[in-house]
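Everything on this sheet refers to the single structure shown next.
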Amino acid sequence: MIVKPTAESVLASAGTAAGKGPPPLHLWNPPFCGDIDMRIARDGTWFYLGTPIGRPGLVKLF
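Residue numbers (our numbering): 1 to 62.
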């Protein structure tokens with residue numbers, strides 16, 4: 001069964017979410033986990049571990 005939210009429930013949810021604010025990114029300092037062997041050639045070709053990435057969908061991820 002699909003339940004459609006009412007306008008009131010959406011407004012109530014938006015009100016509680018609005019009070020949170022953005023996350024404190026200035027406090028985020030994750031540990032360094034290593035380098036990654038990626039590069040972009042002058043012609044726009046992306047390389048991973050020295051091999052060109054041939055799938056456009058994978059290039060769009062980066």
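Idealized CB from N, CA, C, for every residue including glycine.
Remember, predicted model here, so these are calculated numbers, not experimental data.
- Every beta strand (DSSP E) stretch that sits fully inside the segment 5-47 and reaches 3 residues is listed by chain position as 38-40.
- Following the DSSP letters along the chain, one finds V59 inside the alpha helix (DSSP H) bounded by residues P56 to L61.
- Pairing P52 with T45 gives a Cβ-Cβ distance under 8 Å.
- A straight-line Cα-Cα distance of about 48 Å links T6 and G34.
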